[in-house]
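Before any comments, here is the structure.
Residue numbers (our numbering): 98 to 217.
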């Protein structure tokens, strides 16, 4: 990817499905993700010279998953994360980063819009 020296300004917000779908025991997380996503959508609308992407990487196999499994009170939510981990359905970091790079390199988004790893 070439470095753009034309003054082009890009913001990539790492968001989550939790920004648009409620999850038990994730109230503050959902609120924070939703608020930031709406702020950046509004910022893009008000500043056409900014390029803004809200990117949801999917459930990535990181230490956050382990923290959720160990710390979440809701048994159903904990079991769903355990199942994703045990069934190896968590997204690999290199896969979601690859998709993000592809989206950025080929401008496959609308400024202020949202792209999810699972979008095709």
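We put the beta carbon where it would ideally sit given N, CA and C, even for glycine.
Is it right to say residue i is buried, meaning 16 or more other beta carbons lie within 10 angstroms of its own, or is it exposed?
{"i": "residue 149", "result": "buried"}
{"i": "residue 141", "result": "buried"}
{"i": "residue 176", "result": "exposed"}
{"i": "residue 137", "result": "buried"}
{"i": "residue 204", "result": "exposed"}
{"i": "residue 209", "result": "buried"}
{"i": "residue 139", "result": "exposed"}
{"i": "residue 186", "result": "exposed"}
Shortest alpha-carbon distance to residue i belongs to which of the options?
{"i": "residue 184", "options": "104, 142, 217, 158", "result": "158"}
{"i": "residue 93", "options": "217, 168, 202", "result": "Nothing about residue 93 can be reported from this structure: the residues present for the chain run from 98 to 217 only."}
{"i": "residue 207", "options": "145, 126, 196", "result": "145"}
{"i": "residue 109", "options": "215, 211, 217", "result": "211"}
{"i": "residue 196", "options": "174, 163, 216, 186", "result": "216"}
{"i": "residue 189", "options": "173, 174, 162", "result": "162"}
{"i": "residue 173", "options": "120, 125, 191", "result": "120"}
{"i": "residue 213", "options": "192, 151, 199", "result": "151"}
Could you give the C-beta distance for residue i and residue j, rounded to a whole number, given that I count them as a contact under 8 Å?
{"i": "residue 156", "j": "residue 135", "result": "That pair is no contact at about 22 Å."}
{"i": "residue 169", "j": "residue 179", "result": "About 10 Å; that fails the 8 Å criterion."}
{"i": "residue 171", "j": "residue 122", "result": "4 Å"}
For the beta strand (DSSP E) containing residue i, name the first residue and the last one.
{"i": "residue 148", "result": "147–153"}
{"i": "residue 293", "result": "Since the first and last residues shown for the chain are 98 and 217, residue 293 lies out of range."}
{"i": "residue 117", "result": "No beta strand (DSSP E) holds residue 117; DSSP gives it neither H nor E."}
What are the boundary residues of the alpha helix (DSSP H) that residue i is part of?
{"i": "residue 177", "result": "172–183"}
{"i": "residue 197", "result": "190–202"}
{"i": "residue 162", "result": "160–168"}
{"i": "residue 205", "result": "Careful: residue 205 lies outside any alpha helix (DSSP H) and carries neither H nor E."}
Stretch pair the segment 127–145 + the segment 104–117: three plus CB contacts closer than 8 Å | Short answer: they touch.
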